[in-house]
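Notes to accompany the following structure.
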Amino acid sequence: MITAERHRQISNAEGQEPSAPFSDITLIQSGLYPDGKVTTIRGGDSEDPLMEAAAMLMNSVETALVNSPPRRWLQRFEAARLVALGGRTPGARVAELGCGSGYGTKLILDVFGAAHVDAVDLDPAMVAKAGRRLARYAGRVNVAEGSATDLAYAFSPGGGGDASYDAVFEFAIIHHIPNWRDAVGEVARVLRPGGRFFFDEVTAAALARPTYKRLFEHPTEDRFTAGEFLAELQRQGLEVGERWRTYVGSDYLLGVAVRAPSDSRGDRG
Ligand SMILES: C[S@@+](CC[C@H](N)C(=O)[O-])C[C@H]1O[C@@H](n2cnc3c(N)ncnc32)[C@H](O)[C@@H]1O
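If you count by our numbering, then the sequence shown holds residues 14 to 282, one letter each, in order.
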């Protein structure tokens with residue numbers, strides 16, 4: 014049985030404090046251990062499921078950065094670029110993957126004009142922080158603890174159904190997920206035909222940089238280039254066309270995809 018103590022051992026071995034209380038119960042609730050069974054998550058470095066899950070969460074340096082004023086400034090810049098590429102979403106029902114501290118959720122409501130946001134994050138500490146930030150939007154926001162790879166579980170009851178959202182947003186989270194294609198599959202599943210997917214990603218080129226590797230922790234296997242991410246969207250019936258840009262060479266990828274009607278979607282394997 015993997016326990017919170019095991020997580021503390023891993024964190025201590027890596028010279029850092031655990032970022033949040035982290036237990037089998039948390040992993041079961043978040044859907045990482047489906048049906049309460051401890052399983053190995055595909056696509057990562059290790060056979061140890063807890064190590065895999067820990068790689069999805071941020072280390073202390075990245076947590077501090079994500080909660081900092083420069084990140085909020087950058088996120089406003091990203092939101093403006095996304096509006097330029099894909100427009101606003103007035104009155105939309107939206108899902109957000111990996112909401113972190115909830116600042117992106119606030120932008121989805123205030124800048125994009127969404128009516129309602131179901132937001133999910135794996136880290137209970139982030140969910141609590143987002144809940145505090147978004148308290149004044151009560152009734153328009155649901156912040157859930159869970160995984161972007163199982164939105165029906167995370168948003169149950171009442172959310173995460175097939176074709177149930179007008180838009181899905183993700184600000185810099187899919188590169189944290191070992192089985193990242195499953196997260197793209199969830200986006201394709203929950204978007205209604207014609208619905209839009211707003212994405213902001215960190216590519217394998219950035220993750221391979223020595224500074225990135227020194228400062229942050231991410232899964233290292235099977236990361237994606239900008240081209241590979243765009244190809245996966247297309248494969249899953251999310252059409253990007255020309256609505257994407259890379260920044261800092263090809264380190265960062267921003268764009269907006271549109272879910273094709275069901276009958277024109279390709280083989281999603
Ligand atoms: C780099 S942070 C980005 C946070 C926020 N979106 C932002 O742009 O500031 C990545 C976030 O994704 C969350 N995360 C990682 N894996 C996840 C998963 N499988 N499902 C949901 N959230 C996840 C982490 O807990 C973290 O809050």
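Beta carbons: idealized from backbone N, C-alpha and C, even for Gly.
Just so you know, these numbers come straight off a predicted model, no measurement behind them.
- Per DSSP, Tyr-150 is not a residue of any alpha helix (DSSP H), being assigned neither H nor E.
- Taking non-hydrogen atoms of ligand 1 into account, the C-beta of Ile-186 is found less than 8 Å away from one of them.
- In the structure shown, His-129 falls within a strand segment according to DSSP collapsed to helix, strand and coil.
- Gly-111 and Gly-254 have their alpha carbons spaced roughly 25 Å apart.
- For Glu-241, the secondary structure class from DSSP, reduced to helix, strand or coil, is helix.
- Straight through space, the alpha carbons of Ala-239 and Asp-175 are spaced by roughly 27 Å.
- Pro-232 is positioned such that its CB atom lies no closer than 9 Å to that of Ile-186.
- Set against 8 Å, the gap from the CB of Leu-147 to the closest heavy atom of ligand 1 is not smaller.
- In the three-state reduction of the DSSP assignment, Val-79 falls in the helix class.
- Selection Thr-118, Asp-131, Asp-179 and Tyr-150 evaluated against Ala-165 yields Asp-131 as nearest (Cα-Cα).
- It is roughly 13 Å from the alpha-carbon of Tyr-265 to the alpha-carbon of Glu-183.
- Residue range 154-158 is occupied by the beta strand (DSSP E) that includes Ala-157.
- Contact between the segment 73-89 and the segment 113-127 is present: 3 or more CB-CB pairs across the two stretches fall below 8 Å.
- Scanning Thr-224, Arg-85, Leu-87 and Phe-125 for the CA closest to the CA of Arg-209 turns up Phe-125.
- Taking every protein chain shown into account, the CB of Phe-90 has fewer than 16 other CB atoms within 10 angstroms, so this residue is exposed.
- DSSP, read as helix, strand or coil, puts Ala-185 in coil.
- Residues of the same chain with a CB within less than 8 Å of the CB of Gln-88, apart from the 5 flanking positions on each side, are Tyr-116, Gly-117, Leu-120 and Phe-184 in chain order.
- Closest option to Asp-123, judged by alpha-carbon separation, among Arg-149, Arg-272 and Leu-228: Arg-149.
- Nearest to Leu-267 by alpha-carbon distance, out of Phe-229, Asp-235, Glu-234 and Val-215, is Val-215.
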